[in-house]
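Chemist: First to last, the protein sequences are chains A and B. For the first sequence, the working numbering begins at 1 and goes up steadily by one. For the second sequence, the working numbering begins at 203 and goes up steadily by one.
2 protein chains.
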Amino acid sequence: MREEILAYKRERILEEAVKLFYERGFTGTTLDDIAAELGVTKPFIYTHFRSKVDLLAALCKPTIEMSLAAVENAAASPGTPTERLHRAVVDFTRVVLSRQSNIAIYFREEKSLAPEALAEINALRRKFDHVLTRMLRDGIVAGEFELDDAGLASLAIGGMISWAYTWHRPGGRLKLDDLSGEMASMALRMVGARQTALAKVE
Amino acid sequence: MREEILAYKRERILEEAVKLFYERGFTGTTLDDIAAELGVTKPFIYTHFRSKVDLLAALCKPTIEMSLAAVENAAASPGTPTERLHRAVVDFTRVVLSRQSNIAIYFREEKSLAPEALAEINALRRKFDHVLTRMLRDGIVAGEFELDDAGLASLAIGGMISWAYTWHRPGGRLKLDDLSGEMASMALRMVGARQTALAKVE
DNA sequence: AGGTCGAGCTACCCGAAGGTAGCCTTTCCT
DNA sequence: AGGAAAGGCTACCTTCGGGTAGCTCGACCT
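1. Grouping DSSP H, G and I as helix and E and B as strand, with all else coil, what is serine 67 (chain A)?
2. Which residues in chain B sit within 7 Å of lysine 111 (chain A), going by Cβ to Cβ distance?
3. Can you find a C-beta in chain B that's less than 8 Å from the C-beta of arginine 134 (chain A)?
4. By a C-beta neighbour count over all protein chains shown, 10 Å radius and 16 as the cutoff for buried, is tyrosine 106 (chain A) buried or exposed?
5. If you follow the alpha helix (DSSP H) that threonine 295 (chain B) is in, where does it begin and where does it stop?
6. Given that arginine 391 (chain B) touches chain A, what residues does it touch there, using C-beta distances under 9 Å?
7. What residues from chain B crowd round methionine 1 (chain A), counting only those whose CB sits closer than 8 Å?
8. The alpha helix (DSSP H) with aspartate 351 (chain B) in it runs from where to where?
9. Below 8 Å between beta carbons is the criterion; list the residues of the segment 238–259 of chain B that meet it against any residue of chain A, in chain order.
10. Look up phenylalanine 21 (chain A) in the DSSP assignment and say whether it is helix, strand or coil.
11. Hey, how far is the Cα of leucine 208 (chain B) from the Cα of proline 245 (chain B)?
12. Counting only C-beta atoms, is aspartate 212 (chain A) closer than 8 Å to chain B at any point?
13. Using 8 Å as the cut-off, can you tell me whether the segment 182–193 of chain A makes contact with the segment 386–394 of chain B, which would need three or more C-beta pairs spanning the two stretches below that distance?
14. Check the Cβ of arginine 108 (chain A) against every Cβ in chain B and list those closer than 7 Å, keeping chain order.
15. Reducing DSSP to helix, strand and coil, say where tryptophan 219 (chain A) ends up.
16. Output, in chain order, the set of chain B residues within a Cβ distance shorter than 9 Å of serine 162 (chain A).
17. Does the segment 217–233 of chain B come within contact of the segment 158–166 of chain A, defined as at least 3 CB pairs closer than 8 Å?
18. State yes or no: is the C-beta of threonine 295 (chain B) within less than 8 Å of the C-beta of isoleucine 363 (chain B)?
19. Suppose the cutoff is 6 Å on Cβ atoms and the five residues either side in sequence are ignored; what does the same chain contact list for valine 95 (chain A) look like?
20. Cα separation between lysine 377 (chain B) and glutamine 302 (chain B)?
21. Distance check for arginine 87 (chain A) and arginine 125 (chain A), CA to CA, integer angstroms please.
22. If we ignore side chains and look at the alpha-carbon of each, how far apart do cysteine 262 (chain B) and methionine 337 (chain B) end up?
23. For methionine 388 (chain B), go through chain A and note every residue whose CB falls closer than 7 Å to its CB, in chain order.
24. Which residue wins for smallest C-alpha separation from proline 407 (chain B), given the options A:Arg12, A:Arg24, A:Ala104?
25. Return yes when the C-beta of glycine 171 (chain A) is under 7 Å from any heavy atom of the ligand GDP, and no when it is not.
26. Taking the C-alpha atoms as reference points, what is the distance between serine 387 (chain B) and aspartate 32 (chain A)?
27. Using a Cβ-Cβ cut-off of 6 Å (strictly less than) and excluding sequence neighbours within five positions of aspartate 138 (chain A), which residues of its own chain qualify?
Laid out in structure tokens, this is it:
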């Protein structure tokens, strides 16, 4: 119970930090700003995080982990390569859109991370690309995809989706589910998949 | 001639600033660092730029202008929508890869720009999306593309290409020309274009 | 009731970096 | 050659913000 309260305070700090870093940038936000928004003072933050940079890592890393988990999960799921890719794109898009601020902060402030934190995150990203590339290769072997370069295509798909953090406005024209569906059909067309192979999913 | 020397000095400052901002981040680079790299001192920079933020705008804006010019130029060029889209993707990819550092700095430091500079750049970006969306609609009307949502597809294509600034390594496996060609074929497949319509280009 | 413990606050330090005032040197013109 | 102007440097100011030492107040236990 004591533990839970501690965890809750930590979460609240992160939540407010994400909001402000997203709106004003990392450097443009002071710890005093965050504290003020929470109705506390700066030393309070220091009882939960070792430094401003530590706070940054704490809000980036789990989001990257979620992205990786989305594609890994899809890769391990049953179905044809086409179905697995569909699922990967839908789920990854969901992560990007639901954690848009965290993603934005990460890409903007990568250079501000401590070297070890950066190394950990980079390892996750390499794994992400690796899993996605593998999925595309499986599809080529199975004769479902037609691609010159699976590695490049995985970067292209990853980019097309990640990029959504720059333009998506929650409450905009397209809802999260529509968007992730559209993203998936664009990705499938891009890899040369026959959409008919997906009848049951769509 | 005097003017030319002035312009040259300005260019050199920008060049070094791009390099350092790219490597160490905007906040992580001091004006003293830039001056030191050039073998001069900080006040020298102030004879060419009004502030650090001014320097930032000076290195972002022209790059965004080049991106817009690439698609506008392709849109105004002769040929079928398929051919025009192909050209737009190839040329835009070239801009992104050749000005990779500038692009990276811009996306990372958008929040640090002065409001007016940001407004100008945002106007350019809106125009970029508009031109690209228009190009896709033309293709749909002409029966060459098959798309649910031209606006979304233009964001997807723009994102897939812009994203290259995060992973491209000059001197890597793929050369600039190969990359832009591959990007174009992925984009064409994504919009449902028949590749055969491009025989003469490829 | 009194004491102890700990959470959070007040108040402060200090380094770093953007920006500037005023001097020096070099060059070019007269 | 002498002088003036311009370009760049030395030396400085000032602000701001990350980080911390030490106090206070409230809660809980005895």
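Just so it is clear, CB atoms sit at the ideal spot from N, CA and C, and this is done for glycine as well.
Modeler: Reading off the structure:
1. The answer is helix: DSSP assigns serine 67 (chain A) an H, G or I state.
2. Arg226, Gly227, Gly230
3. no
4. buried
5. 283–300
6. Glu146, Arg189, Met190, Val191, Gly192
7. Chain B residues near methionine 1 (chain A): none, gap ~40 Å exceeds 8 Å.
8. Neither: aspartate 351 (chain B) is in no alpha helix (DSSP H) and is coded neither H nor E.
9. Contact residues of the segment 238–259 of chain B toward chain A are absent (C-beta to C-beta distance below 8 Å).
10. Helix, per DSSP.
11. When rounded, the distance between both Cα atoms is 15 Å.
12. Outside the modelled stretch of chain A, which goes from 1 to 202, sits residue 212 (chain A), for which no answer is possible.
13. yes
14. Arg310
15. Past the edges of chain A, shown from 1 to 202, lies residue 219 (chain A), and the structure says nothing about it.
16. Gly361, Trp365, Thr368
17. Counting C-beta pairs with one atom in each stretch, the segment 217–233 of chain B and the segment 158–166 of chain A have fewer than three that are closer than 8 Å, which means they do not touch.
18. Cβ distance < 8 Å, so threonine 295 (chain B) and isoleucine 363 (chain B) count as in contact.
19. Only Met66, Ser67, Ala70 meet the Cβ criterion.
20. 14 Å
21. 19 Å
22. 25 Å
23. Within 7 Å Cβ-Cβ: Ala153, Ala156, Met190.
24. Residue 407 (chain B) is absent from the structure shown; chain B starts at 203 and stops at 404.
25. Of ligands this structure carries none, so the ligand GDP is not represented either.
26. 50 Å
27. Pro81
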